[in-house]
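So the structure is just underneath, and the comments pick up after that.
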Ligand code: ADP
Ligand code: MG
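Residue numbers (this note's numbering): 2 to 310.
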């Protein structure tokens, strides 16, 4: 009877929009008591918008925007996509593809990028128009001895106070600007967190973003425990730490940087809207990328197991 009940659970999952790697996956959810939620793209939409561009004294806002957008046009990170799309004169590469080759506008606005490097969870680096450009966490620029002048440090501070993400921009050895980006909570996230609690799970918000931005999102959805400023490699360590403390951990994520943690968790739930790497690492895929479906997944597995007993 056991395999049959599990098979039925798997079929019911498909109807709910939950793809299950194998029937045995449902068994591991029985004792889950903690659910770790990635912030960007999981609790929030992951569609970032640029709120403000600030230039250091003697620099132009337009240069900061243009060089940052050019470099980020090679990035797939949600922050990178937002900054790349923010240049008012820019035509994105996707839009360009939709235009007849003969009718494509000249595009001097997006300079070419050479030697592009993605520093996962930190930012991006590359050469634009002959300038060595760095865009990312202020700490990434500090690695290059590019320290923020007071006016930019104040902009960083202000952005964090507002629950936003400040991205520092520097070139040719100097920090020269800050781009402030922000994200919105998905409409269903707060309700999902409430239901996860009702199922007896403790929610934890895990993110590479800054603490204040993380707390801002946590407050909106009703999460008390926040682990922020986590490097991609340390997300898995956080799951291990919880497991070592005796917790049985489910993890929900969507990014490349969540894959190892999804694999380490007792139950890994990948957002179907996320990256392929995350989907491969997860035990379950939530097709619509909606946290309410994570609630359905936990309920379904518990019901399936109750049937077996
Ligand atoms: P999350 O855990 O929220 O998915 P990440 O680990 O991807 O976040 O990124 C952590 C932080 O690194 C971001 O909040 C941002 O400050 C910085 N960062 C990462 N990628 C980029 C990028 N392409 N451009 C600018 N900043 C970036
Ligand atoms: Mg994410």
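Positions of the beta carbon are idealized from the N, C-alpha and C atoms, including for glycine.
Asked: Work out the CA separation of residue 183 and residue 69 for me, nearest whole Å.; Found: 16 angstroms
Asked: Using DSSP's beta-bridge definition, name the partner residues of residue 132.; Found: 129
Asked: Look up residue 85 in the DSSP assignment and say whether it is helix, strand or coil.; Found: helix
Asked: Say yes only if the C-beta of residue 43 is nearer than 7 angstroms to one or more non-hydrogen atoms of the ligand MG, and no if none qualify.; Found: yes
Asked: Can you check whether the CB of residue 116 is closer than 8 angstroms to the CB of residue 124?; Found: no
Asked: State buried or exposed for residue 63, treating a residue as buried only when at least 16 other CB atoms are found within 10 Å of its CB.; Found: exposed
Asked: At what residue ranges does the segment 116-190 contain a whole run of the beta strand (DSSP E), taking only runs of 3 or more?; Found: 124-129, 132-137, 166-172 and 175-183
Asked: One question on the structure: do residue 141 and residue 40 come within less than 8 angstroms of each other, judged by their Cβ atoms?; Found: no
Asked: Go ahead and pull the three-state DSSP assignment for residue 44.; Found: helix
Asked: Using the beta-carbon count (16 or more within 10 Å), is residue 225 buried or exposed?; Found: exposed
Asked: Considering only residues of the segment 255-309, which uninterrupted beta strand (DSSP E) runs meet the minimum length of 3 residues and lie entirely inside it, listed in chain order?; Found: 268-272 and 285-287
Asked: Find out if the Cβ-Cβ distance for the pair residue 57, residue 177 is shorter than 8 angstroms.; Found: yes
Asked: Curious, which full-length beta strand (DSSP E) runs of at least 3 residues does the segment 183-246 contain?; Found: 203-207 and 226-228
Asked: Cβ of residue 236 within 8 angstroms of Cβ of residue 44?; Found: no
Asked: If you reduce the DSSP assignment to three classes, tell me which class residue 75 lands in.; Found: coil
Asked: Have a look at 261, 119 and 167 and flag the residue whose alpha-carbon is nearest the alpha-carbon of residue 277.; Found: 261
Asked: Going by beta carbon distance, what residues of the same chain come within less than 7 angstroms of residue 244, once the five residues before and after it are set aside?; Found: 250
Asked: For a test of the three-state rule: what should DSSP assign to residue 57, helix, strand or coil?; Found: coil
Asked: Quick one: grab the DSSP three-state call for residue 26.; Found: helix
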